[in-house]
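**Q** Take this structure, written in C-alpha cells, and hold onto it; I'll ask about it next.
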Amino acid sequence: ISLVLSILTAFLTFLLGIGTALLYLLMMFCIFGAIASFLQKEVTIGIEALILGFLLSPYGIPMVGAAVIAFLQGINEAIKSI
C-alpha cells in the first residue's frame, strides 16, 4: 500500500504542477478581463472576474489539491512508521 501511495502522490504532484501553470494563465485572463470590465463601467462583471481570478490563483483551487497531496503523504508516512 505504501508503494501505491508513493506513486499516487508523485503523480498527483506532477499533475498539480501542470494544472497550476494552466490555472495561472486562466487567472491572468480573468484579471485582464476584470480590468477591462472596470474600465467600461461593468462593475458586477469585474467583481465576478476578480472572484474567478482568485479561485484560479495559487491560493484557490490548487491549494485544495496541495492539501489532498499532503494528506496522502501523511497517511503514507503513518503506514511506513508501523
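All you need for this note's numbering is the position in the sequence shown, starting with 1, plus 32. Virtual Cβ for every residue (Gly too), placed ideally from N, Cα, C.
I think GLY51 touches GLY92, with their Cβ atoms under 8 Å apart; what is that distance to the nearest whole Å?
**A** The pair is not a contact, with the Cβ atoms about 12 Å apart (cut-off 8 Å).
**Q** Is SER69 helix, strand or coil when you go by DSSP?
**A** Note: SER69 maps to helix in three-state DSSP.
**Q** Is the distance from the Cβ of LYS112 to the Cβ of SER38 below 7 Å?
**A** Contact: no.
**Q** By the 10 Å Cβ neighbour count, where 16 or more other Cβ atoms means buried, how is MET119 classified, buried or exposed?
**A** There is no way to answer for residue 119, as the model of the chain reaches only from 33 to 114.
**Q** Given this structure, state the Cα-to-Cα distance separating VAL100 from ILE63, to the nearest angstrom.
**A** Spanning the two alpha carbons is a distance of roughly 27 Å.
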